[in-house]
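The structure appears right after this line, and notes come after that.
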Amino acid sequence: MQLIYFSAVPWASFRQRPHEFAQWAHERVGAKVLWVEPYPVRLPALADLSRPAVTSAQMPTPAWLQLVAPRALPVEPLAMGRWLNRTLFWKPVVDSVREFAQRDAHTVLVVGKPSDLALHAMNALQDAKCFYDAMDEFPAFHHGMARRTSEAIESAIVQQCSACSTSSTYLATKLRARNPNVLLVPNGLASDRMPAAQTDASADAAFGYVGTIGPWFDWAWVAQLASAWPERRIEIHGPLYRKPPAVLPANISLHPALPHDKAMEKMTRFAAGLIPFLRTQLTESVDPVKYYEYRALGLPVISTPFGEMRTRDRDPRVVLTDKPADERARIEQLLGTHDAAESVTAFRAANDWSVRFEPMAALLTDT
Numbered sequence: 173m174q175l176i177y178f179s180a181v182p183w184a185s186f187r188q189r190p191h192e193f194a195q196w197a198h199e200r201v202g203a204k205v206l207w208v209e210p211y212p213v214r215l216p217a218l219a220d221l222s223r224p225a226v227t228s229a230q231m232p233t234p235a236w237l238q239l240v241a242p243r244a245l246p247v248e249p250l251a252m253g254r255w256l257n258r259t260l261f262w263k264p265v266v267d268s269v270r271e272f273a274q275r276d277a278h279t280v281l282v283v284g285k286p287s288d289l290a291l292h293a294m295n296a297l298q299d300a301k302c303f304y305d306a307m308d309e310f311p312a313f314h315h316g317m318a319r320r321t322s323e324a325i326e327s328a329i330v331q332q333c334s335a336c337s338t339s340s341t342y343l344a345t346k347l348r349a350r351n352p353n354v355l356l357v358p359n360g361l362a363s364d365r366m367p368a369a370q371t372d373a374s375a376d377a378a379f380g381y382v383g384t385i386g387p388w389f390d391w392a393w394v395a396q397l398a399s400a401w402p403e404r405r406i407e408i409h410g411p412l413y414r415k416p417p418a419v420l421p422a423n424i425s426l427h428p429a430l431p432h433d434k435a436m437e438k439m440t441r442f443a444a445g446l447i448p449f450l451r452t453q454l455t456e457s458v459d460p461v462k463y464y465e466y467r468a469l470g471l472p473v474i475s476t477p478f479g480e481m482r483t484r485d486r487d488p489r490v491v492l493t494d495k496p497a498d499e500r501a502r503i504e505q506l507l508g509t510h511d512a513a514e515s516v517t518a519f520r521a522a523n524d525w526s527v528r529f530e531p532m533a534a535l536l537t538d539t
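Take 173 as the starting number for the sequence shown in this note's numbering and just add one per residue.
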């Protein structure tokens with residue numbers, strides 16, 4: 173069995189849902205994988221000049237995986253741009269995809285991010301079974317022409333696929349309007365790569381966040397939390413794509429991105445894990461992996477009520493609030509509780525990626 177995977181993220185990046193899916197497909201059904209790297213699907217912007225450098229990771233390429241890196245001009249929103257890319261750059265990529273598919277009659281094409289190249293490849297492999305796995309509301313990353321183009325391409329992909337999967341109830345509803353065969357496959361965690369869970373946080377442990385600080389990051393919420401707990405340090409670790417206000421409370425500290433293993437180790441020393449995301453069209457579709465990681469480390473979670481986090485309002489280890497200053501009593505009570513080792517073990521087992529992706533095994537193996 174073979175898998176052609178159009179990824180939303182580069183292979184040499186911190187492990188996310190696409191990496192875990194490819195690994196699971198190989199281990200579960202013996203798939204050999206052709207991983208097609210992402211390319212820019214919007215026009216350049218002046219803000220790109222001030223963006224932090226993309227953080228890569230040391231990611232060896234296993235024997236069962238083959239990488240293809242498409243060349244492309246960043247002009248996909250333009251009809252002429254799509255024609256140029258198809259004419260100048262994509263024939264070798266589509267030829268590689270077609271040649272790979274010919275090695276095994278049981279080849280499945282999975283789109284992890286809508287793109288004109290993915291749609292072009294689907295049309296070139298008329299006999300291949302195709303699926304779409306949506307981990308984000310991808311058009312919401314863009315504006316204007318880029319958003320409209322992304323929406324049109326995504327719609328065409330969804331309608332041509334045999335089935336779709338997504339980590340979001342919001343996206344599941346959206347996708348079912350175009351394809352009735354949609355699986356809800358929440359995000360998860362790699363339990364075998366998690367460090368030992370926290371046993372007891374120190375009295376002066378910080379509230380912490382580890383992850384990308386993007387346009388969705390709610391600095392006002394973090395500042396309010398810091399002002400309400402002046403005795404607590406608030407540590408923010410990650411690449412900075414949305415700058416904070418000019419003045420932050422003195423107990424907030426900013427730190428650069430950490431390698432994944434170091435990030436996990438850092439989290440074990442937090443008093444609580446933070447997920448301070450604004451409520452936007454983009455975050456409406458988000459099922460944050462950070463939630464699973466925090467809980468699998470035995471941490472309580474303090475979060476804004478957005479996306480899939482709203483479904484965790486009955487989790488006794490979670491406080492959802494728009495106004496953390498008004499929830500001091502609840503949060504202090506949360507900090508006074510601890511997860512039993514058995515609870516952490518059960519949480520890890522129930523939310524492991526292998527469990528999450530299992531409903532997709534039949535989709536990959538049915539002929």
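Yeah, the Cβ is synthetic: ideal placement off N, Cα and C, and Gly gets one too.
Note that the structure is a prediction, hence the values are computed from the model and not measured.
| query | result |
| --- | --- |
| Can you tell me which of A522, C302, D288, V280 puts its alpha carbon nearest to the alpha carbon of V265? | D288 |
| Please check the pair D372 and S337, which I expect to be a contact at CB under 8 Å, by giving their CB distance rounded to whole angstroms. | Actually they do not touch by this definition, with Cβ atoms about 38 Å apart. |
| Report the rounded CA-to-CA distance for F193 versus L430, giving the unit in angstroms. | 23 Å |
| List in chain order: all unbroken beta strand (DSSP E) runs of 3+ residues lying wholly within the region 373 to 443. | 379 to 382, 406 to 409, 424 to 427 |
| Please classify P472 as buried or exposed, where buried requires at least 16 neighbouring CB atoms within 10 angstroms. | buried |
| Is it true that the CB of W393 sits closer than 8 Å to the CB of P311? | no |
| First and last residue of the alpha helix (DSSP H) that includes W196? | 189 to 201 |
| Since I160 and T483 are thought to touch, with beta carbons under 8 Å apart, how far apart are those beta carbons, to the nearest angstrom? | No information on residue 160 is available, as it lies outside the stretch 173 to 539 that the chain covers here. |
| Taking just the CA atoms, how far does W262 sit from E465? | 38 Å |
| Quick one: which unbroken alpha helix (DSSP H) runs of 4-plus residues sit fully inside the region 219 to 290? Chain order, please. | 251 to 260, 262 to 273 |
| Using CA coordinates, which residue listed in L536, G360, R414, W388 is at the minimum distance from R528? | G360 |
| Looking at L206 and F272, is the spacing between their C-beta atoms short of 8 Å? | yes |
| What are the boundary residues of the alpha helix (DSSP H) that W183 is part of? | Looking at the DSSP string, W183 is not in any alpha helix (DSSP H), and its letter there is neither H nor E. |
| For the candidate residues A251, Q188, P190, A277, whose alpha-carbon lies nearest to that of M173? | A277 |
| Do you know offhand how far D433's Cα is from P286's? | 30 Å |
| Just mark P190 as buried or exposed, buried being the case when its beta carbon has 16 or more other beta carbons within 10 Å. | buried |
| What separation, rounded to the nearest whole angstrom, lies between the Cα atoms of H315 and R348? | 24 Å |
| Nearest to Q298 by CA position, among E323, D308, S334, E309, is which residue? | S334 |
| Going along the chain, which unbroken runs of the alpha helix (DSSP H) with 4 or more residues stay wholly within the region 303 to 358? | 316 to 332, 341 to 348 |
| Let me know the secondary structure DSSP gives F519 once reduced to three states. | helix |
| If I'm right that D459 touches S339 with Cβ under 8 Å, what's the distance once you round it to whole angstroms? | 4 Å |
| Taking V115 as the reference, give the member of C302, W391, A398 with the closest Cα. | Because the chain in this structure spans residues 173 to 539, residue 115 falls outside the shown range and cannot be described. |
| If the criterion is Cβ atoms closer than 8 Å, does the pair L291 and A328 meet it? | yes |
| Give the straight-line distance between the Cα atoms of A468 and Q332, rounded to the nearest whole angstrom. | 37 Å |
| Cα-Cα, which of A241, K204, A184 is closest to M231? | A184 |
| Apart from the five residues just before and just after R389, which ones in its own chain have a Cβ nearer than 6 Å to its Cβ? | Here residue 389 turns out to be Phe, not Arg, going by the sequence shown. For F389, where only same-chain residues beyond five positions count, the Cβ hits under 6 Å are R414. |
| Would you check if there are 3 or more beta carbon pairs closer than 8 Å linking the region 400 to 414 to the region 372 to 387? | yes |
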